[in-house]
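Numbering (my numbering), first residue to last: 19 to 293.
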Amino acid sequence: MGKSEARELSDALFERLAGLARETHAYSYVRGTVIELNMPLVRFIAARFRHRAEDMEDILQVGTIGLIKAVDGYDPARGVEFITYAIPTIAGEIKRFFRDTSWPVRVPRSMQELYLKVARGSDRLEQELGRLPHPEEIAEDLDLTVEQVLEGLVAGRVYRPNSLDALRDQDSDESGSALLDRLGGCDENFELADFRTAVRPLLGRLPRREQTVLKLRFWDGWTQSEIAARIGVSQMHVSRLLTATLARLREELDDRDSPGWADGPQAPAGAGTPG
């Protein structure tokens, strides 16, 4: 069965699922068929991680969990193709697996657990607050000291997950085949993923304008010229603002004498160049 036929059949089965009660045998059968029909998507995404030390069978199993979550959470009424919804769901499940298990540089178990606790707490607070939380807020929420929060951040510095962050929300307007084409050709941007992890807990300490500039540059991928037009300043001013803000973030960590992070968070290559 070709990709187009598989997508058409999946669409028809999802329409069928919408008319069935979840507790019925018919629902379970159709749901299982949809999962099996889309297993090639799991294998396709898992193949991007074949160079990792983890066993491919484990990666496939985690990816299958992501597929099941995608099938159960998909709503055809929203007008988005299933493949568009499923790709980030499956990839996200695999990335969480690596976040929880992959530490290529030897890190004490206690520090691994501290990092995971801080990362999860930060993500949850960001959703609850609608903004990036301050380190003090993370510390209070997790019953930790601010120093422990930053220590967890330092531990995360040696952690290098594969990233599929190139698949952004704006891809939802593209066809499933276009997304697959982009997935197959995208490069894992380790530096950018690492940078985001490093500075996220510190952004709350910056003035609102500096937060906005960093988010637009490193999370949304805007050029300096686009940012300048957005906030009403020159491109050169944005460049100076980025340089000063990154220096301030490095100082934040240097002042803590954080072992293993003497140079502070490093912006990805080309971050300070005009765009």
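Glycine included, every Cβ here is placed at the ideal spot set by N, Cα and C.
Predicted model, so just to flag it, every value in this text is computed and none were measured.
Less than 8 Å between the C-beta atoms of residue i and residue j, yes or no?
i: G170; j: K135; result: yes
i: G250; j: P153; result: no
i: A64; j: I77; result: yes
i: S46; j: F100; result: no
i: D159; j: L143; result: yes
i: L35; j: R49; result: yes
i: L264; j: L220; result: no
Rank the options by C-alpha distance to the C-alpha of residue i and give the top, closest one.
i: R66; options: E154, K233, T42 and I108; result: I108
i: R40; options: T261, E228, R25 and V89; result: V89
i: R258; options: R49, V231 and R248; result: V231
i: E269; options: L224, F115, L31 and L78; result: L224
i: R226; options: E165, S128 and P151; result: P151
i: F116; options: R68, A44, E33 and T241; result: R68
i: A95; options: L260, Q130, E33 and M129; result: E33
Run through DSSP, which three-state label would residue i get?
i: Y311; result: The structure shown does not extend to residue 311, since the chain is modelled only from 19 to 293, so the question has no answer here.
i: V231; result: helix
i: S46; result: helix
i: H69; result: coil
i: W237; result: helix
i: V80; result: helix
i: E23; result: helix
i: P151; result: coil
i: Y92; result: coil
i: A137; result: helix
i: R266; result: helix
i: D161; result: coil
i: E224; result: Sequence check: residue 224 is Leu here, not Glu. Correct three-state label for L224: coil.
i: G170; result: helix
i: Y177; result: Unreliable placement is indicated for Y177, whose pLDDT of 49 sits below 50; no coordinate value is reported for it.
i: V98; result: coil
i: V251; result: coil
Please report how far the alpha carbon of residue i lies from the alpha carbon of residue j, in whole angstroms.
i: D93; j: G81; result: 20 Å
i: L59; j: I83; result: 12 Å
i: I156; j: W237; result: 21 Å
i: I86; j: S243; result: 42 Å
i: T163; j: L31; result: 51 Å
i: L201; j: I105; result: At L201 the pLDDT is 35, less than 50, meaning the model places this residue with poor confidence; the figure from the coordinates comes in the next sentence. Each residue's Cα considered, the two are about 9 Å apart.
i: I245; j: L234; result: 7 Å
i: M74; j: V167; result: 33 Å
i: L132; j: E23; result: 47 Å
i: V98; j: R61; result: 22 Å
i: D141; j: K113; result: 14 Å
i: N56; j: G91; result: 15 Å
i: V256; j: A137; result: 29 Å
i: G239; j: L38; result: 42 Å
i: S252; j: Q229; result: 17 Å
i: E72; j: M254; result: 45 Å
i: T42; j: T51; result: 15 Å
i: E165; j: Q145; result: 23 Å
i: L260; j: T241; result: 12 Å
i: S128; j: A44; result: 47 Å
i: Q130; j: Q79; result: 23 Å
Would residue i be called buried (16 or more neighbouring beta carbons within 10 Å of its own) or exposed?
i: L147; result: exposed
i: A262; result: exposed
i: R149; result: exposed
i: R248; result: exposed
i: R218; result: buried
i: G139; result: buried
i: T102; result: buried
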